[in-house]
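Residue numbering for the sequence shown follows this note's numbering, starting at 49 and increasing by one per position.
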Amino acid sequence: MSTKYIFLACLFLLLSVRSTATTEETQKQIADSLYICLSKAETPADSLWIMENLYDVLPRANGNLLGLELFDVANRAGNSSAALNILRQLANRYLANDSMLMELYNKTLSYHDGPTPTVDSPYRASSDELKETRTFLRFARNIHRANHASEAKRRELLQELINTHTLNQPTDIYDQAVLLHSICTMLSRTGSDAMLTRYVDKLDTLIQQLPASAISLHNAYYVHAALIYSQANQFEKAYQCDRKTLEAIRQLEKQYKDRGRYFRNYDSSRYVIYQRILSNHTKLSQPELEKYYKLAMQLVAKNPEVAETNRNYPGPQIFYNMAIKNYAQALEHIKHCINTPYVTNSSYRLMQLLRNEIECAEAVNDKETLLEASRRYNKKLESYLSERLDEKYKELQVIYDSYEMRNSYDKLQLEKQNAEAESMYMIVAIAAVAIFILLISVVILFRLYRNNRKLARTLDKSNRALRAESSHLEKSKSDLLKARDEAQKANYMKTDFIKNMSYEVKAPLKAINEYCKLITDCSDASNKKYLERFSSLVELNSELLSTIINDVLHISEIDSESVPVHNRPVELRPLCTMVLDGVRHRLSPDVALMFDTASPYICLFTDPQRVHQILLNLLTNAAKFTPKGSITLAYSVDSEKETVTFSVTDTGIGIKADKKDLIFERFVKLDKETQGAGLGLTISRLLARILGGDVILDTTYTKGARFLLILPKNKILKIQ
Numbered sequence: 049m050s051t052k053y054i055f056l057a058c059l060f061l062l063l064s065v066r067s068t069a070t071t072e073e074t075q076k077q078i079a080d081s082l083y084i085c086l087s088k089a090e091t092p093a094d095s096l097w098i099m100e101n102l103y104d105v106l107p108r109a110n111g112n113l114l115g116l117e118l119f120d121v122a123n124r125a126g127n128s129s130a131a132l133n134i135l136r137q138l139a140n141r142y143l144a145n146d147s148m149l150m151e152l153y154n155k156t157l158s159y160h161d162g163p164t165p166t167v168d169s170p171y172r173a174s175s176d177e178l179k180e181t182r183t184f185l186r187f188a189r190n191i192h193r194a195n196h197a198s199e200a201k202r203r204e205l206l207q208e209l210i211n212t213h214t215l216n217q218p219t220d221i222y223d224q225a226v227l228l229h230s231i232c233t234m235l236s237r238t239g240s241d242a243m244l245t246r247y248v249d250k251l252d253t254l255i256q257q258l259p260a261s262a263i264s265l266h267n268a269y270y271v272h273a274a275l276i277y278s279q280a281n282q283f284e285k286a287y288q289c290d291r292k293t294l295e296a297i298r299q300l301e302k303q304y305k306d307r308g309r310y311f312r313n314y315d316s317s318r319y320v321i322y323q324r325i326l327s328n329h330t331k332l333s334q335p336e337l338e339k340y341y342k343l344a345m346q347l348v349a350k351n352p353e354v355a356e357t358n359r360n361y362p363g364p365q366i367f368y369n370m371a372i373k374n375y376a377q378a379l380e381h382i383k384h385c386i387n388t389p390y391v392t393n394s395s396y397r398l399m400q401l402l403r404n405e406i407e408c409a410e411a412v413n414d415k416e417t418l419l420e421a422s423r424r425y426n427k428k429l430e431s432y433l434s435e436r437l438d439e440k441y442k443e444l445q446v447i448y449d450s451y452e453m454r455n456s457y458d459k460l461q462l463e464k465q466n467a468e469a470e471s472m473y474m475i476v477a478i479a480a481v482a483i484f485i486l487l488i489s490v491v492i493l494f495r496l497y498r499n500n501r502k503l504a505r506t507l508d509k510s511n512r513a514l515r516a517e518s519s520h521l522e523k524s525k526s527d528l529l530k531a532r533d534e535a536q537k538a539n540y541m542k543t544d545f546i547k548n549m550s551y552e553v554k555a556p557l558k559a560i561n562e563y564c565k566l567i568t569d570c571s572d573a574s575n576k577k578y579l580e581r582f583s584s585l586v587e588l589n590s591e592l593l594s595t596i597i598n599d600v601l602h603i604s605e606i607d608s609e610s611v612p613v614h615n616r617p618v619e620l621r622p623l624c625t626m627v628l629d630g631v632r633h634r635l636s637p638d639v640a641l642m643f644d645t646a647s648p649y650i651c652l653f654t655d656p657q658r659v660h661q662i663l664l665n666l667l668t669n670a671a672k673f674t675p676k677g678s679i680t681l682a683y684s685v686d687s688e689k690e691t692v693t694f695s696v697t698d699t700g701i702g703i704k705a706d707k708k709d710l711i712f713e714r715f716v717k718l719d720k721e722t723q724g725a726g727l728g729l730t731i732s733r734l735l736a737r738i739l740g741g742d743v744i745l746d747t748t749y750t751k752g753a754r755f756l757l758i759l760p761k762n763k764i765l766k767i768q
């Protein structure tokens, strides 16, 4: 039987098997049939189309090995187009293996596009197809490098690539495309949307200049660009790229069918494109919406692999139901897949579904789902915004570095141009001397003499200006150093003065208190009660003055960063009792000082002296502005935020919400008639921040004032 009839029989057998749905069993039947055909092939050309169909049918692992054999068979058959095509297809399968990608690229070096073969390049291929294949393989290596480089390495490579693009662009259009593609793949891993889309637009302009026959390069760009534009919310550009990708797939399928490859399947690629188009449903017309949804669901019904993907993530159903406002059905699909790894492993996909879930839950009044989705979305959004801020900083840093490099390059270019201009001038002058002999020589010498004199005067003027500027800078530097030293000296003198004054004032105050007590103790019974009242007033005012001095001293210590912190486990209840006892004598007669007994028995790892000092300041402040009513001290534990919150609540005159930040500034007193220096709240907040916490005003409380001391939980022990 002739080879022609064998192939006709094989073709009839393949088409009869292909007419049924493609399942794992039918794929095995097709592969077995192709192996039978292959066993009867007589030449490499006869084997080539059979092996191409086998490559499309076999599982990926087996297909990879067959692909390398197919490359050799295509070369033996003299079909360089098929050989280069299989190299491009293998590149898509070896994106995670850079050494294999390099090996595939080296195989292209065995081709030449000239009239005469060489020892190293025995095979001939068309120039455009050879450039297309080499560029495609370099694209694949760009993707591998971006995917597997560390963050620091990516930033370093990105800076080098941008500098090359800015300062030393290659002249070959394919090299330019590889450079821009590498920049885009690096930027796509950093999340720099604005900068990324600019470079993608540049790459688009370049891709349009490539031959229309370079379908693989056009397709690789459109697939990448559609995803980037979609994530950057540039839906119209994403849609246009997806449409061009679908057209490229249609052309590829036609080419393959014309060559006898009947099992090349792009269903999965089409499904992903339809799903992405539907995800931008707000930009689609109703006919477009129905069209792409129908196409996607036809693929689900037709292809088991696509159906499995759809079961795990029913994207078309979600977006279609969202578009037609069938929110209940969309919400059901979202709940089915939102916690699957396919969704949770992609921040973009998860945030998109969470937004859709919130919209659906709000539409159907599912408050529980709305609350949970909003909570997850807000948490994810906080993380996303933090990452975006960091990415924006890195992007600005790259832009700044590129600008600096460009500026330096421009200066060098200007110097080079000036040098070239001077060289050209000298050449012309010498030629003129040779042509016009003596007369022109005299003219040139005169001009050179005049120019040199002018240049000398200019240089002398510039030197004088530079020397004057240098002298001015030295004087400014000296003045700044002197001012800095004087400021430091003044600061030290201020600190020493405050410390000395505090010590000098404390001793007389203590003596006044002691003498008042002595006078009271030595007076007779008839005057004793009267004198005790005045003695208490003297003692209270001495204590207030001492408090002001201590506040100034504490501010000085905090400013000089010399506040010691000694953390240790401390029981909070005894600490609170001690603070309450220390402020009780300052209360007005009509004020009740209370401790909230619902506060738990716990032991906190912190500095008890600083916590005592903060609470004492807050309670003293409350006593000062509460003529009657109550003052309550309490604390609670927030396990979720890992904090302990103390609250000092009074029923006094209260504080307006718009003063919540002003009251913590130094020497600020809302009531100028009240006692004190306006430092208590300032010191409390500074000490709290030294301990890793904060002091704030609770503006939600309106029956007086409530201050909150929030400290990190660090380590809490419950006391039995």
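We put the beta carbon where it would ideally sit given N, CA and C, even for glycine.
Predicted, not measured: the structure shown is a model, and the values here were computed from it.
Q.
I'd like to know if R403 contacts chain B, where contact means its C-beta is closer than 9 angstroms to some C-beta of that chain.
A. In summary, chain B is missing from the structure at hand, where a single protein chain is found.
Q) In chain order, what residues of the same chain have a beta carbon less than 6 angstroms from the beta carbon of A194, not counting five sequence neighbours either side? A) T233, M234 and R237
Q: Classify R512 as buried or exposed, calling it buried when 16 or more other Cβ atoms lie within 10 Å of its own Cβ.
A: exposed
Q: Go ahead and pull the three-state DSSP assignment for L757.
A: strand
Q: Return the chain-ordered list of same chain residues with a C-beta closer than 7 angstroms to the C-beta of G728, the five sequence neighbours on each side being excluded.
A: D599, N665, T668 and N669
Q. Based on Cα-Cα distance, which residue from K751, M99, T750 and F755 lies nearest to T730?
A. F755
Q | the stretch 295-305 / the stretch 341-353 touching (three or more Cβ pairs under 8 angstroms) | A | no
Q: Specify whether the stretch 146-159 and the stretch 93-108 touch according to this definition: at least 3 beta carbon pairs, one from each stretch, less than 8 angstroms apart.
A: no
Q: Tell me whether L821 sits in a helix, a strand or coil according to DSSP, three-state version.
A: Since the first residue of the chain shown is 49 and the last is 768, residue 821 is not available in this structure.
Q) Given a threshold of 16 other Cβ atoms within 10 Å of its Cβ, counted over all protein chains shown, does Q256 qualify as buried or as exposed? A) exposed
Q: Kindly indicate the opening and closing residues of the alpha helix (DSSP H) around E619.
A: Here E619 belongs to no alpha helix (DSSP H); instead the beta strand (DSSP E) covers R616 to E619.
Q.
Quick check on this structure: which residue in S732, G726, G700 and T750 has the alpha carbon closest to the alpha carbon of D706?
A. T750
Q.
Restricting to runs no shorter than 4 residues, where is the alpha helix (DSSP H) found entirely within the stretch 152-211?
A. 175-196
Q: Could you check how far apart the C-beta atoms of A79 and L96 are, in whole angstroms? I think they sit under 8 angstroms.
A: Incorrect: roughly 17 angstroms between the Cβ atoms, too far for contact.
Q. In whole angstroms, what is the alpha-carbon distance linking N360 and D161?
A. 48 angstroms
Q: Compute the distance between the beta-carbons of A109 and F119, then report whether it is under 9 angstroms.
A: no
(Q) Quick check on the burial criterion: 16 or more other C-beta atoms within 10 angstroms. Buried or exposed for G785? (A) Residue 785 falls outside the range modelled here, since the chain spans only 49 to 768, and no answer is possible.
Q.
Once the 5 residues before and after L35 are set aside, which same chain residues still bring their CB inside 6 angstroms of it?
A. Since the first residue shown for the chain is 49 and the last is 768, residue 35 is missing from the structure and cannot be characterised.
Q: Going by CA-CA distance only, name the one from L401, P362 and E338 that's closest to I372.
A: E338
Q | G702: first and last residue of the uninterrupted beta strand (DSSP E) it sits in | A | Where G702 is concerned, there is no enclosing beta strand (DSSP E), given that its DSSP letter is neither H nor E.
**Q.** Alpha-carbon spacing of Q288 relative to A409, whole angstroms
**A.** 32 angstroms
Q) So, helix, strand or coil for F494, using DSSP? A) helix
Q. Which residues does DSSP pair with S695 in a beta bridge?
A. A682 and L756
Q: Can you say whether F484 is buried or exposed, counting buried as having 16 or more other CB atoms within 10 angstroms of its CB?
A: exposed
**Q.** Per-residue burial, D533 [other beta carbons within 10 Å of its own, 16 or more giving buried]
**A.** exposed
Q) Any idea if A296 is buried or exposed, counting beta-carbon neighbours within 10 angstroms, 16 or more meaning buried? A) buried
Q. What does DSSP give as the partner residues of F311 in its beta bridges?
A. Its beta-bridge partners do not exist; DSSP assigns none.
**Q.** Sequence-distant residues of the same chain with beta carbon closer than 6 angstroms to Y314, five excluded per side
**A.** I297
Q) Buried or exposed: where does H633 fall if 16 or more other Cβ atoms within 10 Å of its Cβ makes it buried? A) exposed
Q: Note down the Cα distance separating K88 from P107, rounded to an integer number of angstroms.
A: 23 angstroms
**Q.** G677, DSSP secondary structure in three states
**A.** strand
**Q.** One or two residues paired with A743 in a DSSP bridge
**A.** First, the amino acid is wrong: residue 743 is Val here, not Ala. In the DSSP output, where bridge partners are listed per residue, V743 has L757.
Q: Give the DSSP bridge partners of F653, in chain order.
A: P617
(Q) Suppose you measure from the CA of T245 to the CA of K179; what does that come to, to the nearest Å? (A) 26 angstroms
Q. Is it buried or exposed for S278, if we count other Cβ within 10 angstroms and need 16 for buried?
A. buried
Q. Cβ atoms of Y368 and L407: under 9 angstroms apart, would you say?
A. Going by the sequence as given, residue 407 is Glu instead of Leu. Taking 9 angstroms as the Cβ cut-off, E407 and Y368 do not qualify as a contacting pair.
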